[in-house]
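Written out below as structure tokens is the structure these notes cover.
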Amino acid sequence: MKVAKFGGSSLASATQIKKVANIVNADPERRIVVVSAPGKRSKDDVKVTDLLIACAEHYLTFKEAKDELERIIERFRLITEELELDSKTLEEITQDLNKRLYETDTSNRDRFLDVMKSAGEDNCARVVSSYLQKLGVKARYMNPKEAGLIVSDEPGNARILPESYETLAKLRDYEEILVFPGFFGYSKEGEIVTFSRGGSDITGSIVAAAVKADLYENFTDVDSVYVANPNIIDQPKEIKELTYREMRELSYAGFSVFHDEALIPAFRAGIPVCIKNTNNPLAKGTMIVAERKENNDNPVVGIASDKGFCSIYVSKYLMNREVGFGRRLLQILEEDGVSYEHLPSGIDDISVIMREDQLNEEIEQRVVEHIKQILKVDHIDVQHGLALIMVVGEGMSKTVGMAHRVTKALADAFVNIEMINQGSSEVSMMFGVKEQDVDRAVQAIYKEFFN
Ligand code: ASP
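According to numbering that gives the first Met the number 0, the sequence shown is numbered sequentially starting from 0.
Given below as structure tokens:
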């Protein structure tokens, strides 16, 4: 059996939902369908999830959000009318949205936001299931609570609780095609909690793992995963097959086709993932597997880049001899709730790389002061506006000459490398450059390995 997850662009309009139904009906193995909320219909459109967030925030500030709510209902009205669904469907959606907005306790802001945010996927699942039923398909909406998708109680950032898998496994036994809303589960206390943004991919992966699917299909709006970001490289090559580890590294550094946390459940259960295009379902897509079958001579499968990093560089003579230096440095960050991403180090120096959103002016000042006082460092410097580039390929770090090829390409493009991290990961090499250089850097590396 297959679990098929459809992203927001695949559900943005009635036309798209019809394509989804065709895809589901084309293969009897597609038994569970996981859906996102309706996404953008065009470049300037707004996702239903963003409309829901705006509505909730407006309500929190002004204690009313009539127009904001109407915009959301309007999106569903267009869809249900064009699908020629019974008017009851829209009435139920309207009732549900009103209930969430006006009858939820707003004293806990994050919890209220999660109740509102999850309405997109939840109602979309009802629409898709009604539409399939209208076509004569035996389909059924499945609520995550009924299915037993229990998550940690971290609003906006839930994690699956391991005991969920056993209950979710029973989804295999249903006769009907199940339409399952992505993006949220329930805490042990029965509260709605969402995953981080883009989290419907995570739901799909969890469900696929729980029912031991033969394949987890992730339908989106591109024919495949590309070797590099198409906004940076004109018509980059397609990737036919890549390993879980490679995909994890690529999605960490900006490959947004697949949520980086979504790989883990499928990977642990050994379920292959296929990224496919709703608008071109016959294209083969990209397979994500444990081991690549294809013999690829190129040691590099992809190049990813992501902006929005900064670093705290610290140096102190004889740092290498000072027991506990690293621990105390990280403790200072921990005390301010700052999480770090990478930690390249030298004999007397260490850099802590983190996402820009971890620091604000106040935290930065405090952390710098603490480091100076507690660690008595010789030098400290905070650098903003960094971008990271990941050059990814299984076994790459064991291939002779890789670092040379990348650094030469960057030197030829006059890009200064701020940081290199090679060898910590078996599947990638990481380069830090200034944000303004990053696109040029990716183009240079692409040319070296793919032209
Ligand atoms: N609709 C949610 C979001 O926009 C989750 C998802 O689409 O995966 O983040």
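Glycine included, C-beta positions come from ideal geometry on N, C-alpha and C.
None of the values given here were measured: they were computed from a predicted structure.
Item, Value
"Report the option in Asp-305, Lys-18, Gly-155 and Phe-266 whose CA atom is closest to the CA atom of Met-429.", "Asp-305"
"If distances are taken between C-alpha atoms only, which option among Lys-275, Val-299, Ala-3 and Gly-135 comes closest to Phe-448?", "Val-299"
"Can you find the residues in the same chain that come closer than 8 Å, C-beta to C-beta, to Thr-88, ignoring five residues on each side of it along the sequence?", "Thr-79, Arg-125, Val-126 and Ser-129"
"Would Tyr-316 be called buried (16 or more neighbouring beta carbons within 10 Å of its own) or exposed?", "exposed"
"The ligand ASP and Gly-181: does the residue's C-beta get closer than 7 Å to at least one heavy atom of that ligand?", "yes"
"DSSP puts Lys-1 in a beta bridge; with which residues?", "Arg-29 and Leu-214"
"Kindly identify the DSSP beta-bridge partner or partners of Gly-184.", "Val-192"
"With a CB to CB cut of under 6 Å and the five nearest residues on each side skipped, what residues in its chain are close to Ala-303?", "Leu-249, Ala-252, Gly-253, Phe-254 and Met-389"
"Let's test the definition: count the other Cβ atoms within 10 Å of the Cβ of Gly-181 and tell me whether it reaches 16, buried, or not, exposed.", "buried"
"Give me the Cα-Cα distance between His-369 and Met-418, rounded to the nearest whole angstrom.", "24 Å"
"Beta strand (DSSP E) containing Thr-398: first to last residue?", "Looking at the DSSP string, Thr-398 is not in any beta strand (DSSP E), and its letter there is neither H nor E."
"Please say whether Ser-199 and Ser-35 have beta carbons closer to each other than 8 Å?", "yes"
"CA-CA distance, Cys-309 and Met-0?", "45 Å"
"Expressed to the nearest angstrom, what Euclidean distance is found between the alpha-carbon atoms of Glu-162 and Leu-148?", "9 Å"
"Would Ile-349 and Val-313 qualify as a contact pair, given that the criterion is a beta-carbon distance under 8 Å?", "yes"
"How about Val-23 and Leu-131: are their beta carbons less than 8 Å apart?", "yes"
"Taking the alpha carbon of Leu-100 as the reference point, which residue from Cys-123, Thr-285, Ala-208 and Glu-56 has its own alpha carbon closest?", "Glu-56"
"Using only alpha-carbon positions, find the residue among Ile-231, Ala-261 and Gln-234 that is nearest to Arg-244.", "Ala-261"
"Is Ser-35 near the ligand ASP, going by C-beta to nearest heavy atom under 7 Å?", "yes"
"Look at the Cβ atom of Glu-237, then the Cβ atom of Glu-293, and state whether they are nearer than 8 Å.", "no"
"Compare the Cα-Cα distances from Ala-386 to each of Met-395, Asp-43, Gly-119 and Ile-352 and report the closest residue.", "Ile-352"
"Taking 7 Å as the line, does the beta carbon of Asp-200 fall inside it for any heavy atom of the ligand ASP?", "yes"
"Roughly how many angstroms lie between the CA atoms of Ser-9 and His-403, to the nearest whole one?", "42 Å"
"Taking the CB atoms as reference points, tell me whether Ala-212 and Val-19 lie closer together than 8 Å.", "no"
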